[in-house]
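*Asks:* Here you go, one structure.
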Amino acid sequence: MLVGMASASPTVRHRRLGRELRRLRERAELTLEEVSTPLRWSTAKLSRIENARTMPSSTDIADLCDLYAVDPSAKAGLIQLGQDAGQRGWWTAYSDVFAGAYVGLESEAITIRTWEPLLVPGLLQNEDYARELIRTSRPGLAVTELERYVAARMARKISLLSSKAPSLHVLMDECALRRPVGSPAIMARQLGDILQVTDWPNITVQILPLQIGAHCGLEGAFSLLGFDAEDPEVGYTGCPGGDVYVEATDQVENLKLTFERLAGACLSPEESAAFIAAIRSDHAPL
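Each residue of the sequence shown is one higher than the one before, starting from 1 at the first, in this note's numbering.
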């Protein structure tokens, strides 16, 4: 199903905790009502905990474990998992900028696959390009607010340089390269920056030429976030009306198939780099 997540970003550990608590309840063959009543909770509270919409306290976790007859070692592990999940991530310093859950999930992803038909994806944007995009999309921002949004977007990119950098596979339509955002010089620098990262071992960039015509990605941009074997892949798409997360297995598989089809229609990474270089020259001839 399509799920709109709460504004407090559930980390991967938070999602794992919720799934484990639900698994333990189901193993005990107890309904939501049969658990909530003796704890004097509402069923809504328990449902929010199991679906990672509410962070349970250590006492909440202990009470659930006692009700489910969980052994002391496993109980201690779940309480620790809850404490770890409650830690503040770097993105919480920009809670006024990042209103949704996406950045919290992205920060813990092992693989990131993203399709963008209109713009350079956020993880590949440089400061000047990002500033122009944010300035035009949010014309009411004061200068200090604008620079804060730019700083937040640049902070997202740090993960690509870390020792635990995710594998990033970007598919872009040719339109994203040709659409002028700011001056020709800004576009040339942006495309030059993309060319630099195409040599990084954890980054793959492919371009879908306009000559392909109609294709399966015309309905809009989306991303797929992959984690370790215990955590299912999550699909995501954003729009002015809000964020949408795709978690149902069949819908995630559909997004994966769409991504694979788009990747097959794109130029190879080597051909894409040459293509980007040519378009860079179109923006600002050397």
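Cβ atoms here follow ideal geometry from the backbone N, Cα and C, with glycine treated the same way. Quick caveat: nothing in here was measured; it's all calculated off a predicted structure.
Excluding sequence positions up to five away, which residues of its chain have a Cβ less than 6 angstroms from the Cβ of residue 85?
*Replies:* 11, 13, 14 and 17
*Asks:* Got a sec, what are the start and stop residues for the beta strand (DSSP E) residue 167 sits in?
*Replies:* 167-173
*Asks:* Should the segment 108-120 be called in touch with the segment 226-243, which here means at least 3 C-beta pairs below 8 angstroms?
*Replies:* yes
*Asks:* Taking the alpha carbon of residue 181 as the reference point, which residue from 159, 260 and 120 has its own alpha carbon closest?
*Replies:* 120
*Asks:* For the segment 219-229 against the segment 125-137, are there 3 or more C-beta pairs whose distance is under 8 angstroms?
*Replies:* Using a Cβ-Cβ distance cut-off of 8 angstroms, the segment 219-229 and the segment 125-137 are not in contact, since fewer than three pairs of beta carbons, one from each stretch, lie closer than that value.
*Asks:* Helix, strand or coil: which one does DSSP assign to residue 178?
*Replies:* helix
*Asks:* Just to confirm, is the Cβ distance from residue 123 to residue 70 under 9 angstroms?
*Replies:* In this structure, residue 70 does not lie closer than 9 angstroms to residue 123 by Cβ.
*Asks:* On a CA-only basis, which of 19, 271 and 193 is nearest residue 53? Give me that one, please.
*Replies:* 19
*Asks:* Taking the continuous beta strand (DSSP E) assigned at residue 266, which residues delimit it?
*Replies:* Unbroken run through residue 266: none, as it is neither H nor E.
*Asks:* For residue 223, I'd like the list of residues in its chain whose CB is within less than 6 angstroms of its CB, leaving aside the five on either flank, ordered along the chain.
*Replies:* 114 and 236
*Asks:* So which of 257, 149 and 195 has the shortest CA-CA distance to residue 93?
*Replies:* 149
*Asks:* Can the beta-carbon of residue 135 be found closer than 9 angstroms to that of residue 146?
*Replies:* yes
*Asks:* Leaving aside the five residues before and after residue 209 along the sequence, list all residues of the same chain whose C-beta is less than 7 angstroms from its C-beta, in chain order.
*Replies:* 174 and 267
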